[in-house]
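Chains as they are written, first to last, in my numbering: chain D, 276 to 398; chain V, 276 to 398. For each residue, glycine too, the CB sits at the ideal point set by N, CA and C. Since we're looking at a predicted model, the values are computed, not measured. The structure under discussion appears below in the form of structure tokens.
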DNA sequence: CGGGATCCATACTGATACTG
DNA sequence: CAGTATCAGTATGGATCCCG
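Structure representation (structure tokens):
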């Protein structure tokens, strides 16, 4: 038996003409794999978090990039923003259904990276 | 029974103090999820490819970023570079064992993105 | 063919100040 | 608390030319 009996993911992707510059996939890919996008999505995988919690949790992020990245993810429908109009104000961020779905595919990758990072950087 | 009986990926990550600025995971994450890193890894998932093939396959990449990203991935031990000293010279790139392992975790994510990109960008 | 070197544009960051 | 606005510095990516 040959190994070419089933269509690879890459072949599927290319067959659809995806991953070209003009393709929506590239936009989504850029958002999802952006420097801070991945981290925010992962940190939201467990529970909803408040703005200040996220700022403290995601080490090194500037307030500007936190706001900007959250807005992008919200626009993409991956993250839900819930405002509670109290004093002081409270804003919670959580994953949407779409976001949860995405993060399911993201976590195995993160886990692998955490497990193998030392092997890679050590070189 | 409660839902907290098993440790989530995020909890594992945080317990190890991973994902902080100084952590190797962040370096690897930046390389792997870099704008072009993901695409090159995915395109190499099927077979080894030559420099020129990659340049044509990865739509929009500049020669500089192709060279730079390939060098980073090679240093990380994810991509193997094989030079054949002919005239004209021939250079083939392929995934290492480590790279193959990584891409296995990357492909489900890519597949999801390709399948859902239209829902996301349409907003 | 497979790059390296150079220069320029943009994106990101950091610090600070201000608001509802 | 949860942002927005602005400015300045830096890092990153892109375009072009050149070379073995």
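Practice task
State the start and end residues of the unbroken beta strand (DSSP E) segment that holds residue 370/D.
Solution key: First-last of the beta strand (DSSP E) with residue 370/D: 365-370.
Problem - Cα-Cα separation, residue 373/V to residue 391/D - result: Near 9 Å, if we compare the C-alpha coordinates of residue 391/D and residue 373/V.
Practice task
Taking only beta-carbon positions, decide if residue 311/V is within less than 8 Å of chain D.
Solution key: Residue 311/V has a beta carbon lying at 8 Å or more from every beta carbon in chain D.
Problem - the segment 285-301 of chain D / the segment 326-337 of chain D touching (three or more Cβ pairs under 8 Å) - result: Taking a cut-off of 8 Å on C-beta distances, the segment 285-301 of chain D does not touch the segment 326-337 of chain D, as fewer than three cross pairs fall below it.
Exercise for the section: Could you check the C-alpha separation between residue 320/V and residue 360/V for me, to the nearest Å? Expected result: So the two alpha carbons sit approximately 25 Å from each other.
Handout entry: As assigned by DSSP and simplified to three states, the class of residue 359/D
Key = In the three-state reduction of the DSSP assignment, residue 359/D falls in the strand class.
Handout entry: For residue 354/V, three-class secondary structure by DSSP
Key = Looking at residue 354/V - three-state DSSP - the assignment turns out to be strand.
Problem - N-terminal and C-terminal residue of the alpha helix (DSSP H) that residue 327/D is part of - result: Residues 326-332.
Problem - Under 8 Å between C-beta atoms of residue 303/V and residue 381/V - result: No, the Cβ-Cβ distance between residue 303/V and residue 381/V is not below 8 Å.
Exercise for the section: Could you spell out where the alpha helix (DSSP H) holding residue 305/D opens and where it closes? Expected result: The continuous alpha helix (DSSP H) containing residue 305/D extends over residues 299-307.
Practice task
Out of 356/D, 387/D and 385/D, point me to the one whose CA is closest to residue 326/D's CA.
Solution key: From the listed residues 356/D, 387/D and 385/D, the smallest Cα separation to residue 326/D is found for 356/D.
Handout entry: Element boundaries [alpha helix (DSSP H), containing residue 335/D]
Key = Here residue 335/D belongs to no alpha helix (DSSP H), and DSSP marks it neither H nor E.
Exercise for the section: Could you check which residue in 367/V, 363/V and 362/V has the C-alpha nearest to that of residue 345/V? Expected result: Comparing Cα-Cα distances from residue 345/V to each of 367/V, 363/V and 362/V, the minimum goes to 367/V.
Exercise for the section: Could you spell out where the alpha helix (DSSP H) holding residue 290/D opens and where it closes? Expected result: Its alpha helix (DSSP H) spans residues 284-290.
Practice task
Count the other C-beta atoms from every protein chain shown that fall within 10 angstroms of the C-beta of residue 317/D, then say buried if there are 16 or more, exposed otherwise.
Solution key: Counting other Cβ atoms within 10 Å of its Cβ, residue 317/D reaches 16 or more and is therefore classed as buried.
Problem - Residue interval of the alpha helix (DSSP H) (run including residue 294/D) - result: DSSP places residue 294/D outside any alpha helix (DSSP H), giving it a letter other than H or E.
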